[in-house]
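The structure appears right after this line, and notes come after that.
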Amino acid sequence: MGSHILSLITFLPLLGALVVALLPRGGHAALRGATLVFGLANLLLSLTVFGVDPNGGMSFKESAEWIPTLGIHYALGIDGIAMPLVILACLVVPICIATTHHLRDPSRLKEYLVFLLLMETGMVGVFCATDIVLFYVFFELTLVPLYFLIGMFGGEKRIYAAFKFFLFTAAGSLPMLVSILYLLWSYKQGHGQWSASIDDLRTLSLSTSEQMWVFGGFALAFAIKVPMFPLHTWLPDAHVQAPTGGSIILAAVMLKLGTYGFIRLGIPLLPDAAQAFATPLLVLAVIGVIYGSYLAWAQDDLKKLVACSSVAHMGFVMVGLFAFDKDAVRGAMLQMLNHGISTGALFLLVGAIYERRHKRGLDDFGGLARVAPGLALALIVTTMSSIGLPGTNGFVGEFMIIAGTFKTQPQFAVLTALGVLLGAIYMLQMVRRVCFGKPKSEEAKHLPDFTLTEKAAFAPLLILMFWIGLKPDFLLDKIGPAVDAALLALGTTP
Amino acid sequence: MTPNDLALVGPILLPALAALLVILVDLLPGSQRSSGSFLLAVLGAAVSLGYTIHALMHDRVGLAFYGTMKIDRMALLITLFVHASAMLSLLLSKVYLDRRSDVEQPEYHAFVLTAACGMAMLAGANDLVNVFLGIELLSIPLYLLVAMRKHQSRSVEAGFKYLLLGAFASAFMLFGAALLFGASGKTMLTAIPSGIARIGNDTPLAAFGATMLLVGLLFKVAAVPFHMWTPDVYEGAPTPITAFMATATKAATFAVLLRLAPVLGASLGEERAADLLGGIAVLTMFVGNLGALTQLNLKRLLAYSSISHAGYLLVGLAALVRSYGSSAEAEAASSIVYYLGAYTAMSLGAFAVAVLIDGGKDREAVSDLAGLGKRNPLLAAAMTVFALALAGVPPTAGFFAKYYVFLSAVDAGLIAVAVLGVIASVIGLYYYLRILLTMYVDEAKPGHEAVVSRDALVGAVSLAAVAFVLLLGIVPKGFVEAMALAH
Numbered sequence: 019m020g021s022h023i024l025s026l027i028t029f030l031p032l033l034g035a036l037v038v039a040l041l042p043r044g045g046h047a048a049l050r051g052a053t054l055v056f057g058l059a060n061l062l063l064s065l066t067v068f069g070v071d072p073n074g075g076m077s078f079k080e081s082a083e084w085i086p087t088l089g090i091h092y093a094l095g096i097d098g099i100a101m102p103l104v105i106l107a108c109l110v111v112p113i114c115i116a117t118t119h120h121l122r123d124p125s126r127l128k129e130y131l132v133f134l135l136l137m138e139t140g141m142v143g144v145f146c147a148t149d150i151v152l153f154y155v156f157f158e159l160t161l162v163p164l165y166f167l168i169g170m171f172g173g174e175k176r177i178y179a180a181f182k183f184f185l186f187t188a189a190g191s192l193p194m195l196v197s198i199l200y201l202l203w204s205y206k207q208g209h210g211q212w213s214a215s216i217d218d219l220r221t222l223s224l225s226t227s228e229q230m231w232v233f234g235g236f237a238l239a240f241a242i243k244v245p246m247f248p249l250h251t252w253l254p255d256a257h258v259q260a261p262t263g264g265s266i267i268l269a270a271v272m273l274k275l276g277t278y279g280f281i282r283l284g285i286p287l288l289p290d291a292a293q294a295f296a297t298p299l300l301v302l303a304v305i306g307v308i309y310g311s312y313l314a315w316a317q318d319d320l321k322k323l324v325a326c327s328s329v330a331h332m333g334f335v336m337v338g339l340f341a342f343d344k345d346a347v348r349g350a351m352l353q354m355l356n357h358g359i360s361t362g363a364l365f366l367l368v369g370a371i372y373e374r375r376h377k378r379g380l381d382d383f384g385g386l387a388r389v390a391p392g393l394a395l396a397l398i399v400t401t402m403s404s405i406g407l408p409g410t411n412g413f414v415g416e417f418m419i420i421a422g423t424f425k426t427q428p429q430f431a432v433l434t435a436l437g438v439l440l441g442a443i444y445m446l447q448m449v450r451r452v453c454f455g456k457p458k459s460e461e462a463k464h465l466p467d468f469t470l471t472e473k474a475a476f477a478p479l480l481i482l483m484f485w486i487g488l489k490p491d492f493l494l495d496k497i498g499p500a501v502d503a504a505l506l507a508l509g510t511t512p
Numbered sequence: 426m427t428p429n430d431l432a433l434v435g436p437i438l439l440p441a442l443a444a445l446l447v448i449l450v451d452l453l454p455g456s457q458r459s460s461g462s463f464l465l466a467v468l469g470a471a472v473s474l475g476y477t478i479h480a481l482m483h484d485r486v487g488l489a490f491y492g493t494m495k496i497d498r499m500a501l502l503i504t505l506f507v508h509a510s511a512m513l514s515l516l517l518s519k520v521y522l523d524r525r526s527d528v529e530q531p532e533y534h535a536f537v538l539t540a541a542c543g544m545a546m547l548a549g550a551n552d553l554v555n556v557f558l559g560i561e562l563l564s565i566p567l568y569l570l571v572a573m574r575k576h577q578s579r580s581v582e583a584g585f586k587y588l589l590l591g592a593f594a595s596a597f598m599l600f601g602a603a604l605l606f607g608a609s610g611k612t613m614l615t616a617i618p619s620g621i622a623r624i625g626n627d628t629p630l631a632a633f634g635a636t637m638l639l640v641g642l643l644f645k646v647a648a649v650p651f652h653m654w655t656p657d658v659y660e661g662a663p664t665p666i667t668a669f670m671a672t673a674t675k676a677a678t679f680a681v682l683l684r685l686a687p688v689l690g691a692s693l694g695e696e697r698a699a700d701l702l703g704g705i706a707v708l709t710m711f712v713g714n715l716g717a718l719t720q721l722n723l724k725r726l727l728a729y730s731s732i733s734h735a736g737y738l739l740v741g742l743a744a745l746v747r748s749y750g751s752s753a754e755a756e757a758a759s760s761i762v763y764y765l766g767a768y769t770a771m772s773l774g775a776f777a778v779a780v781l782i783d784g785g786k787d788r789e790a791v792s793d794l795a796g797l798g799k800r801n802p803l804l805a806a807a808m809t810v811f812a813l814a815l816a817g818v819p820p821t822a823g824f825f826a827k828y829y830v831f832l833s834a835v836d837a838g839l840i841a842v843a844v845l846g847v848i849a850s851v852i853g854l855y856y857y858l859r860i861l862l863t864m865y866v867d868e869a870k871p872g873h874e875a876v877v878s879r880d881a882l883v884g885a886v887s888l889a890a891v892a893f894v895l896l897l898g899i900v901p902k903g904f905v906e907a908m909a910l911a912h
């Protein structure tokens with residue numbers, strides 16, 4: 019008690035959104051400046067949560083009554099699993115501000131920034147909520163601003179993409195609501211009173227068949243968010259149509275809500291069902307890895323390629339999660355962060371390339387290394403991080419996932435390793451076609467290089483890529499015990 | 426009749442007095458017809474509202490008129506919704522009617538107050554006779570109000586349709602009430618269950634009577650399969666009246682349904698009654714949401730949306746009937762009252778936006794909202810809140826209303842109904858989202874830019890509704906507790 023730091027991190031962006039909403043529409047510099055101030059202030063604040071309990075417990079706890087008659091609390095807390103994600107969410111928002119110089123409709127910059135800050139409140143809230151109803155409220159809260167970001171600022175087919183995004187994710191989260199209601203009801207049956215605290219709900223002992231149904235509701239919601247094959251079809255559309263900032267947020271944070279939901283709710287609350295569902299989920303995850311890679315390989319559009327690679331990379335995370343091995347789950351947690359960093363960076367760069375020529379076909383450029391060496395170098399480094407070259411963050415995560423999975427599910431480990439190979443193929447051929455060779459057209463010969471704003475936005479991601487790649491312990495020390503605590507319910511910790 | 430009785434039924438008498446006053450003042454020679462009656466009517470509604478709030482805060486509850494009226498907290502809360510809705514509809518009417526010359530204003534205002542009186546009576550009715558009186562007292566002015574634009578064939582047709590079908594429904598109700606009296610020997614709602622039990626549990630007479638009564642009431646709340654009139658009547662009626670009907674009629678009729686829950690359980694069997702209501706609820710949710718998908722007219726879209734919301738409310742009612750006498754009962758009852766409060770605010774708000782954009786030219790198409798996000802960001806933001814609330818997206822009141830209703834359904838063992846309700850809500854998302862996209866993404870066709878009237882009163886109404894919808898959603902504690910006490 020006493021500390022309100024999590025509330026502050028959650029609601030400071032909301033305050034920022036209100037402030038920005040009251041500023042005059044015309045003053046773009048003032049709008050951006052105010053948003054940046056709030057974004058950076060919140061990033062600084064969020065760094066304090068790095069001091070979470072290293073033993074895996076919940077830190078910075080807050081609790082206040084919300085609807086006491088129904089046992090619903092405004093309860094926040096954070097552990098080693100949520101900590102990196104909160105910081106990541108606070109990090110990407112200022113980065114997104116840097117991408118707002120080329121909006122489709124510049125007169126609506128204000129709306130864009132307001133939605134961006136609202137998103138931040140929703141995202142941080144999800145990761146901090148320790149009450150299941152509060153979790154749901156924040157989970158849903160993230161939908162609306164992103165829907166508007168895509169629908170108002172997206173590309174040609176933005177309406178279709180925004181609708182598809184909202185309907186897919188909302189269709190998933192409503193069955194989750196039923197599952198939540200069932201959990202609450204079961205608790206009331208056993209204890210005579212309502213409670214929506216996740217800790218209280220962990221004490222439930224449901225029969226396996228009950229667990230299967232409830233887990234089904236959760237799994238649907240989270241699998242759509244991840245997204246897992248065959249529920250991934252909304253993602254390429256949403257990514258391709260979204261403005262750069264929307265894509266970055268979507269890739270860096272929104273997809274993590276799915277995997278985070280599994281580790282925070284699905285596995286600890288319903289361990290029997292999680293084990294029963296492990297094999298089918300692993301199969302789908304591996305299909306996602308391989309199929310996503312093939313999809314990415316076949317793309318001629320830079321943004322679509324990165325979007326499809328997201329499906330593959332999130333498949334890795336799911337494999338690690340449901341291998342139920344300590345190392346694999348740790349790796350999965352780290353890989354969630356890594357994917358956020360490297361794919362966020364890729365979208366940033368793809369957006370930067372697109373803004374220069376309003377084209378993003380793989381064969382529209384060529385020779386970028388000579389034309390715009392800074393940009394090309396950044397793209398190459400990020401590619402290396404994305405395909406998991408040793409020394410970068412991607413390597414640590416993927417290695418831990420595969421090595422851990424090999425202990426419990428060797429057949430899936432082998433198939434997942436195939437995904438690493440495919441990842442190298444499609445990413446490197448992308449780099450070859452975009453960065454090397456001769457410029458494909460007259461326009462491609464003269465492109466402005468990395469601007470200062472772009473460099474500033476890219477720098478923190480670059481630092482993290484190598485920091486995590488070379489010295490992952492500073493995170494793993496915090497993630498590890500929290501993972502152990504989450505897996506405790508499985509009973510069979512190897 | 427004691428003075429105490431009169432004090433208790435004050436929220437019912439005051440609007441009737443105000444209605445009489447409006448008509449009397451109108452007869453004075455040389456009176457400023459429209460503006461005078463408007464002010465008087467709003468004042469009357471405001472005084473009624475204030476009195477209701479006062480009674481609620483000082484817990485002025487009890488039985489009146491030998492127990493035929495039961496003014497408890499539930500009745501007062503629902504009366505509060507009714508009077509709030511009446512007052513806001515009157516304010517909306519000012520904007521709507523000032524742009525039209527084909528409506529007799531004093532009569533219009535008096536009818537709104539009379540209907541509010543009938544609804545308040547219905548909220549407190551504890552006797553079959555009073556239920557019927559309340560229903561008629563609210564229906565007859567509404568038939569007239571719907572047809573108030575007498576040179577508009579759409580309006581007159583709607584009024585006639587409503588009158589014919591409504592008369593049928595009343596007949597069903599009366600028949601049902603008579604049969605129930607025959608089966609129990611009582612007319613007092615609280616005495617009917619024991620009356621049925623005394624005469625014999627297994628009597629088809631009671632079951633038949635209760636069903637007939639239910640048909641009449643379900644007609645009023647626009648539940649499937651008695652919903653056919655709704656889109657036509659909602660479209661044809663003056664928009665402020667549509668808002669009033671959609672919210673206040675629903676609230677008042679659900680008050681009766683809440684009181685009838687033990688009667689339904691006793692006459693049909695709790696399980697059968699719950700199954701029946703659950704089935705109707707599921708049908709209503711699906712028909713409402715599916716019907717709204719293809720609507721191009723905003724009022725018709727909101728009509729179908731209103732049907733679907735009757736469905737969600739019926740989920741709560743089914744839960745109430747199923748759990749009567751158990752610990753889950755209070756929850757189910759308060760979930761319905763909470764839902765009614767939330768629905769009143771969000772639906773009134775949406776209709777207020779519809780009134781504002783109609784520009785005196787009956788512009789009611791969804792596409793008339795196009796470009797609103799650019800030209801009037803405040804109004805668009807308000808409509809966004811209402812649409813999201815109607816769709817049930819957190820943190821609005823609409824979300825907690827659905828949450829609460831589905832929670833009580835699960836608690837009463839009606840898991841299948843809750844699951845189907847959730848699926849229906851997913852369908853509903855689609856058309857609410859379409860409203861949002863139309864406002865923010867579509868460009869208005871040249872010459873079709875919505876003429877937004879800048880009316881301070883209606884602006885205040887919308888703002889109040891926005892605040893209520895958000896407050897009820899973000900800090901529902903106080904409200905939920907008030908509702909829990911209400912039962």
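Heads up: the protein sequence lines correspond to chains A and B, in order. Residue 19 is where the first sequence starts when you use this note's numbering, and the numbers rise one by one after that. Residue 426 is where the second sequence starts when you use this note's numbering, and the numbers rise one by one after that. Note that beta-carbon positions come from the ideal geometry of N, C-alpha and C, so glycine has one too. These numbers come from a predicted model, not from an experiment.
Cut-off 6 Å between Cβ atoms - residues of its own chain near residue i, not counting five sequence neighbours on either side
i, result
"Leu88/A", "Trp212"
"Ala728/B", "Thr655, Pro656, Tyr659"
8 Å contact criterion, which residue i and residue j should meet: CB distance rounded
i, j, result
"Asn551/B", "Thr615/B", "6 Å"
"Ala466/B", "His534/B", "4 Å"
"Ile113/A", "Ala435/A", "Not really, about 32 Å apart at Cβ, beyond 8 Å."
"Phe430/A", "Val304/A", "6 Å"
"Ser578/B", "Val571/B", "So it is not a contact: roughly 13 Å between Cβ atoms."
Contacting residues, own chain, Cβ-Cβ under 7 Å from residue i (five flanking each side not counted)
i, result
"Pro499/A", "Pro72, Asn73, Gly74, Gly98"
"Ala500/B", "Ala548, Gly549, Ala680"
"Gln514/A", "This structure gives no information on residue 514/A, because the portion of chain A shown stretches from 19 to 512."
"Tyr856/B", "Ala717, Leu718, Leu726"
Residue i, buried or exposed, once every other Cβ within 10 Å from all chains shown has been counted against 16
i, result
"His483/B", "exposed"
"Glu138/A", "buried"
"Val836/B", "Strictly speaking, residue 836/B in this sequence is Asp, with Val absent from that position. Asp836/B comes out buried."
"Ala429/B", "Looking at the sequence shown, residue 429/B is not Ala but Asn. Burial call: exposed."
"Asp793/B", "buried"
"His257/A", "buried"
"Met387/B", "Any answer about residue 387/B is impossible in this case: the structure gives chain B only from 426 up to 912."
"Pro391/A", "exposed"
The ligand FMN heavy atom lying under 7 Å from the CB of residue i
i, result
"Leu882/B", "The ligand FMN is not among the ligands present in this structure, which contains no ligands whatsoever."
Own chain partners of residue i with C-beta closer than 8 Å, once the 5 adjacent residues on each side are dropped
i, result
"Leu33/A", "Phe56"
"Leu845/B", "Val707, Met710, Phe711"
Compile a chain-ordered list of the residues in the region 894-906 of chain B whose CB is closer than 7 Å to at least one CB of chain A. Legend: CB atoms of the region 894-906 of chain B lying less than 7 Å from CB atoms of chain A belong to residues Pro901, Lys902, Val905, Glu906.
Closer than 9 Å, Cβ to Cβ, to anything on chain B: give me those residues from the region 73-88 of chain A, in chain order. So the list reads Glu83, Trp84, Ile85, Pro86, Thr87, Leu88, given in the order they occur along the chain.
What are the residues in the region 223-241 of chain A lying within 7 Å of chain B by C-beta distance? So the list is empty, because no residue satisfies the distance condition.
Mind listing which residues of the region 143-170 of chain A have their C-beta closer than 9 Å to chain B's C-betas, in chain order? When C-beta distances to chain B are compared with 9 Å, the residues of the region 143-170 of chain A below that value are Val151, Tyr154, Val155, Phe156, Phe157, Glu158, Leu159, Leu161, Val162, Tyr165, Phe166, Gly169, Met170, in chain order.
Against chain A: residues of the region 755-779 of chain B by CB proximity under 7 Å: For the region 755-779 of chain B, there are no residues whose beta carbon sits under 7 Å from a beta carbon of chain A.
Interface residues of the region 828-848 of chain B facing chain A [CB-CB below 8 Å]: Taking 8 Å as the cut-off between beta carbons, the residues of the region 828-848 of chain B near chain A are Tyr828, Tyr829, Phe831, Leu832, Val835, Asp836, Ile840, Ala843, Val844, Val847, Ile848, in sequence order.
Report the residues of the region 168-191 of chain A with a CB closer than 8 Å to any CB of chain B, ordered along the chain. Against chain B - using a Cβ distance shorter than 8 Å - the residues of the region 168-191 of chain A are Gly169, Met170, Arg176, Ile177, Ala180, Phe181, Phe184, Leu185, Ala188, Ala189.
Closer than 9 Å, Cβ to any Cβ of chain A: which residues of the region 640-653 of chain B, in chain order? Of all residues in the region 640-653 of chain B, none has a Cβ within less than 9 Å of some Cβ in chain A.
Can you list, in chain order, the residues of the region 849-874 of chain B whose Cβ is nearer than 7 Å to any Cβ on chain A? Hits within the stretch, in order: Ser850, Val851, Leu854, Tyr855, Leu858, Leu862, Tyr865, Val866.
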